[in-house]
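J.: Take the position in the sequence shown, starting the count at 1, then add 4; the result is the number in the numbering used here.
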Amino acid sequence: MKSLLIQGGHILDPSQGIDEIGSVLISKGKIAWLGKGETTPPQPDYAILPVQGMIVCPGFIDLHCHLRQPGFEEKETIATGSRAAARGGFTTICCMPNTRPPLDNRFTISYVNSLALSQGMARVLPIGCISKERKGKELAPMPEMASCGVIAFSDDGSPVMNTDLMRRALEHARKLGLPLIDHCEDTVLSDGGLINEGVISSQLGLKGIPAAAEEIMVSRDLSLARLTGARLHIAHVSTTFSVDLIRRAKDKGAKVTAEVTPHHLTLTEEKVIGYNTNAKVNPPLRTKQDIQALIQGLKENVIDAIATDHAPHTEADKLAVFAQAPFGISGLETALGSLMSLVHNGQLTLTTLISKLTCEPAKVIGGKYGKLGNLEVRAPADVTIFDPDMEWVVDTKDFASRGKNTPLAGSTLKGKVMATISQGKLVYQDDSINLESN
Ligand SMILES: [Zn+2]
Numbered sequence: 005m006k007s008l009l010i011q012g013g014h015i016l017d018p019s020q021g022i023d024e025i026g027s028v029l030i031s032k033g034k035i036a037w038l039g040k041g042e043t044t045p046p047q048p049d050y051a052i053l054p055v056q057g058m059i060v061c062p063g064f065i066d067l068h069c070h071l072r073q074p075g076f077e078e079k080e081t082i083a084t085g086s087r088a089a090a091r092g093g094f095t096t097i098c099c100m101p102n103t104r105p106p107l108d109n110r111f112t113i114s115y116v117n118s119l120a121l122s123q124g125m126a127r128v129l130p131i132g133c134i135s136k137e138r139k140g141k142e143l144a145p146m147p148e149m150a151s152c153g154v155i156a157f158s159d160d161g162s163p164v165m166n167t168d169l170m171r172r173a174l175e176h177a178r179k180l181g182l183p184l185i186d187h188c189e190d191t192v193l194s195d196g197g198l199i200n201e202g203v204i205s206s207q208l209g210l211k212g213i214p215a216a217a218e219e220i221m222v223s224r225d226l227s228l229a230r231l232t233g234a235r236l237h238i239a240h241v242s243t244t245f246s247v248d249l250i251r252r253a254k255d256k257g258a259k260v261t262a263e264v265t266p267h268h269l270t271l272t273e274e275k276v277i278g279y280n281t282n283a284k285v286n287p288p289l290r291t292k293q294d295i296q297a298l299i300q301g302l303k304e305n306v307i308d309a310i311a312t313d314h315a316p317h318t319e320a321d322k323l324a325v326f327a328q329a330p331f332g333i334s335g336l337e338t339a340l341g342s343l344m345s346l347v348h349n350g351q352l353t354l355t356t357l358i359s360k361l362t363c364e365p366a367k368v369i370g371g372k373y374g375k376l377g378n379l380e381v382r383a384p385a386d387v388t389i390f391d392p393d394m395e396w397v398v399d400t401k402d403f404a405s406r407g408k409n410t411p412l413a414g415s416t417l418k419g420k421v422m423a424t425i426s427q428g429k430l431v432y433q434d435d436s437i438n439l440e441s442n
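Rendered as C-alpha cells:
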C-alpha cells in the first residue's frame, strides 16, 4: 500500500507534548515521519490527505464497549460495532464479556479474537469474565483467558456481590498482571431501580437508584485493592462521592484507575423526563453537581480515562415500557461530538480531553498496549482526524452501529470525526475529504 501523508493539520499528541501545525507520514502500518510547519517528508511517493483546520491526534482508545457477539447479533456484531468505532474515531476498543455465551473461557475468547482479526475495523481487545457465566459464584479460569490475550477481567453489568470472590479475583488478576474492571453497584440497594433517585424519580413515579448503591461498592473495592495490591479500574464513575473516594485511595497509593462516560459528563437525569427509554442507562444519568465533580475528577487525574460504555440495543428493546426497557446508550459515534461541548464551553482543555481518550486509557490497559495512544515515529499508525468546529445533526440512520438507542438523536453537536486510520489503514473518511496524489 502507498504511503499516506496527513498534511497541514493541527497535530495534538498529549503524550509527547506536541501541539502545533504539521504533517504526519504513514507507511507500512506505522508512523514513519512527523514534521512541523510546512516541512515535507524525505521520501517522495505518497498519497495526500489534506487536513487544514483539523485536529490530528492519536487514535482514540475505548476501555469499555459492548459488541454483543456472540449471541446478540441483532443488537451489534464485531463488524458493525468496530465500524461504528471507526466512525467515532476509535482505533482500539475493549469489549465486555456479557455475550451469550459469555467470554469466560478460551473458546469464546478465541472466537472473538478471530472475528476481530477478519472483520474488525479497529483493534478489538476482549475482556474476560471474573466469574463463570457471570453468575458471581465461582471464578472463571482467569489464567487460561489471560493466555488467550484478554486485557482485563470484568463481570460488567453484573456486579460481584460476593466480597470474598472479589478478593480472590483481585489476587488472581494481580498475579497475572492484568487490571480488574469493576462495575460498582450494590444490587440489594439498587434492586428494581430505573433512574437516579431524587426529585425526578419521585415526580415520574419511577423507582430510583441511590448514589450510595455505587459508592458502597466503590468503597468496598478500593479497600480490597489496598488489601490485595491488585490494579483495580472503576468503570463508569457517576457520582460526586465516588470521585472523592477514588481521590482519597489514589492519595493513599492504591493502584486504582477510573473512567467516566461521555453521557455522564454531558447529560443529566432530566433526559429521562417523558419516560425516554433511550436515556435509561446504568449507572443512571445523575445531576448537574455530579457532572461538575466528574469534570473536576478528570482535571485532577482522579479519573484517568473517558470510555463510552457503548451499549447498543434494538429499537424493539427500547420501545418497551420504561420499567422493562434495557439499560444502555449507543455511544461510539457521538462520543467526540458530545465531549467537545466541554471544550467549547471552557470546562476542559482540548489537550486534557484528547489525553483522556488516547495515552491515558492506554496506560490503564498497560502491558504491550500501554504504548498505544501516541504519534511517535515507529508507533502503530492509529490516527484520528476531526474538525473541532463542524456542526452536525445526529441522525441515527447514518450510524454504523445496529444500536440506534441514543438520547442525542436529532440534536446538533459541534465537533466531527473526519477520518480514522487504524494500524495504517484508512478505515473511515467523511464524504467531504478526498485523497490527493503528490
Ligand atoms: Zn457496567
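Just so you know, even glycine gets a beta-carbon here, dropped at the ideal spot from N, CA and C. On a predicted model such as this, the values are computed, not experimentally measured, just so you know.
1) Can you list, in chain order, the residues of its chain whose CB lies under 6 Å from that of E175, leaving out five sequence neighbours each side?
2) Below 8 Å between beta carbons: does that hold for H317 and G197?
3) Under the criterion of a Cβ to heavy atom distance below 7 Å, does D434 qualify as lining ligand 1?
4) Would you grab the beta carbon distance between P183 and M221 for me? Rounded to a whole angstrom, and I think it's under 8 Å.
5) Tell me, which residues are paired with H317 by DSSP?
6) Any heavy atom of ligand 1 closer than 7 Å to the Cβ of H237?
7) Between G13 and ligand 1, is there a pair consisting of the residue's CB and a ligand heavy atom that are separated by less than 7 Å?
8) Which residue or residues does DSSP assign as beta-bridge partners of E263?
9) Tell me which residues share the same chain as A173 and place their Cβ nearer than 8 Å to its Cβ, disregarding the 5 neighbours each side in the sequence.
10) Check each candidate in Q20, K275, S19 and name the one with the smallest Cα separation from F411.
11) Mind checking whether V445 and A309 have CB atoms under 8 Å apart?
12) Specify whether the stretch 364-376 and the stretch 56-69 touch according to this definition: at least 3 beta carbon pairs, one from each stretch, less than 8 Å apart.
13) Indicate the three-state DSSP secondary structure (helix, strand or coil) for R72 in the structure shown.
14) Assign G350 to buried or exposed, taking buried as 16 or more other Cβ atoms, counted over all protein chains shown, within 10 Å of its Cβ.
15) Give the DSSP bridge partners of R127, in chain order.
16) Rounded to whole angstroms, what is the Cα-Cα separation between R230 and K420?
17) Applying the 10 Å Cβ sphere with the 16-neighbour rule, what's the burial state of G85?
18) Which same chain residues, not among the five before or five after L361, have their C-beta less than 6 Å away from its C-beta?
19) Going by C-alpha to C-alpha distance, which of K375, L336, N305 sits closest to L357?
20) Touch check for the stretch 28-46 and the stretch 379-397: three-plus C-beta pairs under 8 Å?
21) According to DSSP, G26 sits in a beta bridge with which residue or residues?
22) Check whether the Cβ atoms of H268 and R290 sit closer than 8 Å, and answer yes or no.
23) Taking 8 Å as the cut-off, does the stretch 389-399 touch the stretch 32-43 (at least 3 CB pairs, one atom from each stretch)?
24) Buried or exposed: L323, going by 16 or more other Cβ atoms within 10 Å of its Cβ?
25) Between the alpha carbons of P105 and E137, how many angstroms are there, rounded?
26) What are the start and end residues of each continuous alpha helix (DSSP H) run of 4 or more residues lying completely inside the stretch 159-231, in chain order?
27) Does DSSP put T416 in a helix, a strand or coil?
28) Look up C363 in the DSSP assignment and say whether it is helix, strand or coil.
29) Within the present structure, is the beta-carbon of H240 separated from the nearest heavy atom of ligand 1 by less than 7 Å?
30) Mapping the DSSP letters down to three states, classify E137 as helix, strand or coil.
31) For G161, verify whether its CB is less than 7 Å away from any heavy atom of ligand 1.
T.: On the basis of the supplied data:
1) T232
2) no
3) no
4) Wrong, their Cβ atoms sit about 17 Å apart, outside the cutoff.
5) The partner list for H317 (beta bridge, DSSP) is empty, contrary to what the question assumes.
6) no
7) no
8) Bridge pairing for E263: A309 [DSSP].
9) I134, S135, L143, M146, F157, V164, L184
10) It is worth fixing the name first, because residue 411 is Pro in this sequence and not Phe. Minimum Cα-Cα distance from P411 among the listed residues Q20, K275, S19 corresponds to K275.
11) Nothing about residue 445 can be read from this structure; the chain reaches only from 5 to 442.
12) The answer is yes - the stretch 56-69 touches the stretch 364-376, with three or more Cβ pairs under 8 Å.
13) coil
14) By the Cβ neighbour-count rule, G350 is exposed, with fewer than 16 other Cβ atoms within 10 Å of its own.
15) T96
16) Distance between the alpha carbons of R230 and K420 is about 41 Å.
17) Result: buried.
18) F64, I310
19) N305
20) yes
21) G13, K40
22) Note that the C-beta distance between H268 and R290 is below 8 Å.
23) The stretch 32-43 vs the stretch 389-399: no contact.
24) Exposed, by the Cβ-count rule.
25) 8 Å
26) 167-180, 191-194, 203-208
27) strand
28) helix
29) yes
30) For E137, the secondary structure class from DSSP, reduced to helix, strand or coil, is helix.
31) yes
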